[in-house]
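Undergrad: Everything in the sequence shown is counted per the working numbering, starting at 26 for the first residue and increasing by one. Following this message is one structure expressed as structure tokens.
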Amino acid sequence: MVKKILDALTSSKPNHLSESDQQKGIEAPPLFKAFDGERVALPPVEKITWPDVSLKSVIESRRSHRKYVAKPLSLKALSFALYVTQGLRHVVKDKATFRNVPSAGARHPFETYLLINHVDNLDAGLYAYDPQQHALVFIDAHDKVKDNILKGCLNQKMVLDASVSFFWVADIYRMAYRYVERSLRYLHLDAGHIGQNLYLAAEAINAKTCAIGAFDDDQLNDALSLNTENETVIYAAPLGFKSFDDAERL
Ligand SMILES: Cc1cc2nc3c(=O)[nH]c(=O)nc-3n(C[C@H](O)[C@H](O)[C@H](O)COP(=O)(O)O)c2cc1C
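Structure below.
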């Protein structure tokens with residue numbers, strides 16, 4: 026088995042890489058997916074007073090949590106969690122985005138899909154995050170997607186029990202345009218940073234999360250209606266509360 030893994034890594038070693046589309050002078054792909062649909066503005070991050078907690082306390086209290094109560098998250102907390110995980114700092118026109126997480130070559134290949142279960146002032150359902158407008162885009166009703174998402178997540182009930190579940194979907198070509206075969210490594214490394222920021226943000230607001238890497242890729246991609254010629258879920262995570270007594274710290 027180790028040999029299989031080492032062999033798989035070999036094809037992405039620097040001396041094995043194909044010439045990239047970027048090196049060939051081909052036009053770069055868009056930096057964002059264009060989502061059509063009704064937008065819901067999120068509370069602006071400048072208006073959010075960040076929780077006054079130490080880095081030490083959030084690192085030391087972090088745990089993966091799997092049992093959630095149906096306590097709604099505020100829109101402010103959702104805004105905070107999206108800003109921390111994928112929020113934009115600035116855009117170099119048509120070239121790169123800089124965000125609150127690092128990304129190989131600043132390619133930032135992820136789109137965030139959200140299954141909203143219990144969030145104040147928001148209809149339950151499937152949404153996407155628009156980082157340029159710091160807004161949500163409605164995709165589909167909760168009833169239509171929830172069973173397939175649960176199945177796609179191998180019946181890990183936390184995705185429906187938590188206030189919201191995050192699905193980080195890679196636009197593979199956005200990364201492969203520059204990094205060809207090495208992209209597969211970078212997609213997973215980038216996702217790790219996003220997931221860790223969600224862990225820390227969750228602790229900071231007195232909520233919880235749990236990384237999800239165990240899912241049926243095809244079923245979950247299908248449940249999110251992805252274009253599987255270029256898009257795939259890499260990582261997921263719920264965000265919510267352990268108990269109704271856990272007051273959100275925001
Ligand atoms: C890449 C990755 C994938 C994971 N996938 C799952 C998962 O699908 N379901 C789950 O319950 N926990 C999952 N976990 C959480 C781990 O089980 C957890 O981090 C580990 O047991 C250590 O516990 P701690 O996070 O509380 O320190 C995943 C963690 C990582 C980093």
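Cβ coordinates follow ideal geometry from the N, Cα and C atoms, glycine included.
Could you give the distance in angstroms between the alpha-carbon of GLU136 and the alpha-carbon of LYS233?
TA: Spanning the two alpha carbons is a distance of roughly 22 Å.
Undergrad: Going by the CB atoms, is the gap between THR257 and VAL194 shorter than 8 Å?
TA: A contact, by the Cβ cut-off of 8 Å.
Undergrad: Can you tell me where the alpha helix (DSSP H) with THR35 in it begins and where it stops?
TA: Per DSSP, THR35 belongs to the alpha helix (DSSP H) from 27 to 35.
Undergrad: Measuring from each Cβ to the nearest heavy atom of ligand 1, keep the ones under 6 Å and list them in chain order.
TA: Here the list is ARG88, SER89, ARG91, GLN181, CYS235, ALA236, ILE237, GLY238 and ALA239.
Undergrad: On the premise that ILE164 lies in contact with LEU245, defined as a C-beta separation below 8 Å, what is that separation, rounded to the nearest angstrom?
TA: With 8 Å as the limit, LEU245 and ILE164 do not qualify as a contact, their Cβ atoms being about 14 Å apart.
Undergrad: Quick check: what's the CA-CA separation for GLY238 versus LEU223?
TA: Spanning the two alpha carbons is a distance of roughly 15 Å.
Undergrad: Got a sec? Which residues, its chain only, sit under 6 Å from PRO156 by beta carbon, not counting five neighbours each side?
TA: For PRO156, where only same-chain residues beyond five positions count, the Cβ hits under 6 Å are GLN111 and LEU113.
Undergrad: For PRO263, list the residues DSSP reports as bridge partners.
TA: DSSP lists SER190 as partners of PRO263.
Undergrad: Pull up the CB-CB distance for VAL162 and LEU103, whole angstroms please, since I reckon it's below 8 Å.
TA: In fact, because the Cβ distance is near 14 Å, the residues do not count as touching under 8 Å.
Undergrad: Is it the case that the Cβ atoms of ARG91 and GLU228 are separated by a distance below 8 Å?
TA: Their beta carbons are not under 8 Å apart, which means ARG91 does not touch GLU228 by this criterion.
Undergrad: Would you please verify whether the beta carbon of VAL144 is less than 8 Å from any beta carbon of chain C?
TA: Included in the structure is just one protein chain, with no chain C present.
Undergrad: Return the residue from the list PHE105, ASP77, VAL78 and SER82 that minimises the CA-CA distance to GLU71.
TA: For GLU71, the nearest C-alpha among the options comes from PHE105.
Undergrad: Check each candidate in CYS235, HIS213 and HIS41 and name the one with the smallest Cα separation from PRO134.
TA: If we check each option's Cα against that of PRO134, HIS213 comes out closest.
Undergrad: For ALA95, I'd like the list of residues in its chain whose CB is within less than 6 Å of its CB, leaving aside the five on either flank, ordered along the chain.
TA: Excluding sequence neighbours, ALA95 sits near HIS143.
Undergrad: What are the boundary residues of the alpha helix (DSSP H) that LEU100 is part of?
TA: Residues 100 to 111.
Undergrad: Just curious, the beta strand (DSSP E) that LEU151 is in, first and last residue?
TA: Its beta strand (DSSP E) spans residues 150 to 155.
Undergrad: Considering only residues of the same chain and omitting the five flanking positions on each side of SER43, which have a CB-CB separation below 7 Å?
TA: Closer than 7 Å at Cβ, skipping near neighbours: VAL205 and GLU206.
Undergrad: Out of TRP75, ASP77 and PRO97, state which residue places its alpha-carbon closest to the alpha-carbon of ALA187.
TA: Residue PRO97 is the option with its Cα nearest to ALA187.
Undergrad: So, under 8 Å CB-CB, ALA129 and ASP215 are touching, yes? Tell me the CB distance rounded to an integer number of Å.
TA: The pair is a contact, with the Cβ atoms about 6 Å apart (cut-off 8 Å).
Undergrad: What is the DSSP secondary structure of ARG114, counted as helix, strand or coil?
TA: ARG114: strand per DSSP, three-state reduction.
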